[in-house]
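Notes for the one structure printed next.
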Amino acid sequence: MKIKLKNQDYDLIENPTPRCPCMLVLDVSGSMSGDPISLLNQGVNQFIQEVYQDDFARFAVEVGIITFGSTVDEVIPIQSILEINVPAFSAMGRTPMGEAVSKAIEVLEVRKKQYQKRGVPYYQPWIILMTDGEPTDEYSKAAALLRELAEDSKMLVFGIGIGDHCNLNKLGEFCPANRPPKKLAEYKFREFFQWLAQSMAKVSVSTPGTGFELPSTKGWDSIIL
């Protein structure tokens, strides 16, 4: 399902609030069928609703969604949380993670240029990469580029492993050394997306280019650090 958008440049003119772009890169391969894909759908919708309800985050956070399964699809172009209508995800196909990550990087780089063109301050983009398996395409170049961007503080990358068969070592190739991937405990999508919404809310009231403390991951993380 494609979402019809109003002109993104017009949105930046109308709302000059500093932006926090967040790209969800989601595994919808066949192995996600059943409870995982159902819980993922619920979690993403909850995330959108919770950010929307925050008085500050609703004007600052922009979200895009790229799924990878039978194909790589930009199901939600990066846009204001105020405009989003989340489709239902279906599970099928393999795991073209490298292609999906390359697409996410491309989309976010274009959006940053739009911010710069309109003089809108922004926080460095977040990429949330969630998978229950490992890449089935040639992913090395995309992984190296994403890791480099994260280590250069040009993107904030979170790798989230789902279920017992996720290859955390390969997922870790996409992540910076100081933020290795974490495993989602017992399909706790609701708790994870609640944490993500809280994190977005904290970012939205901080100053771009400064640090902030993330909420604890204890509610959903099976690798408690």
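Throughout the sequence shown, residue numbering follows my numbering, covering 29 to 253 in sequence. Note that the Cβ used here is the ideal one computed from N, Cα and C, for glycine as well. These numbers come from a predicted model, not from an experiment.
How big is the Cα-Cα spacing for I156 and I112? 17 Å
I190 to L212, Cα distance in whole Å? 5 Å
So, with DSSP's three-state summary, where would you put Q107? strand
What are the uninterrupted segments assigned as alpha helix (DSSP H) that are 4 or more residues long and contained completely in the region 156-227, given in chain order? 168-179, 196-200
Would you mind working out which of E179, C50, M228 sits nearest P208, comparing C-alpha positions? E179
Who are the Cβ neighbours of I109 in its own chain at under 8 Å, not counting the five residues just before and after it? I76, V79, Y80, A85, R86, V89, E90, V91
Could you say which of M125, S244, F202 lies nearest to F221 if we only look at CA atoms? S244
DSSP on K140, reduced to helix/strand/coil? helix
When DSSP builds the beta bridges, which residues end up paired with E134? Paired residues: none, contrary to the question.
Suppose the cutoff is 8 Å on Cβ atoms and the five residues either side in sequence are ignored; what does the same chain contact list for Y150 look like? P46, R47, C48, P49, K140, Y143, P236
Please name the residue in G187, S232, V138 whose C-alpha comes closest to that of P204. G187
The beta strand (DSSP E) that contains E78, what's its start and end? It is not in any beta strand (DSSP E) - E78 instead sits in the alpha helix (DSSP H) that spans 63-81.
For V103 versus I93, is the C-beta spacing smaller than 7 Å? yes
Among D82, R175, K182, G126, which has the Cα closest to the Cα of S227? D82
Label K145 either buried or exposed according to how many other C-beta atoms from any shown protein chain fall within 10 Å of its C-beta, with 16 as the threshold for buried. exposed
In angstroms with no decimal places, state the Cα-to-Cα distance between V231 and K246. 19 Å
Just to confirm, are L136 and T95 a CB contact at a threshold of 7 Å? no
F96 in three-state terms, based on DSSP: strand
Can you name the residues that DSSP bridges to E127? For E127, which the question treats as bridged, DSSP gives no partner whatsoever.
Short of 8 Å in beta carbon distance, which residues of its chain neighbour D193, apart from the five on each side in sequence? Order them along the chain. Inspection of the sequence shows that residue 193 is occupied by His rather than by Asp. Contacts found: S59, D160, G161.
Over the uninterrupted alpha helix (DSSP H) stretch that includes A88, give me the two end residues. 85-88
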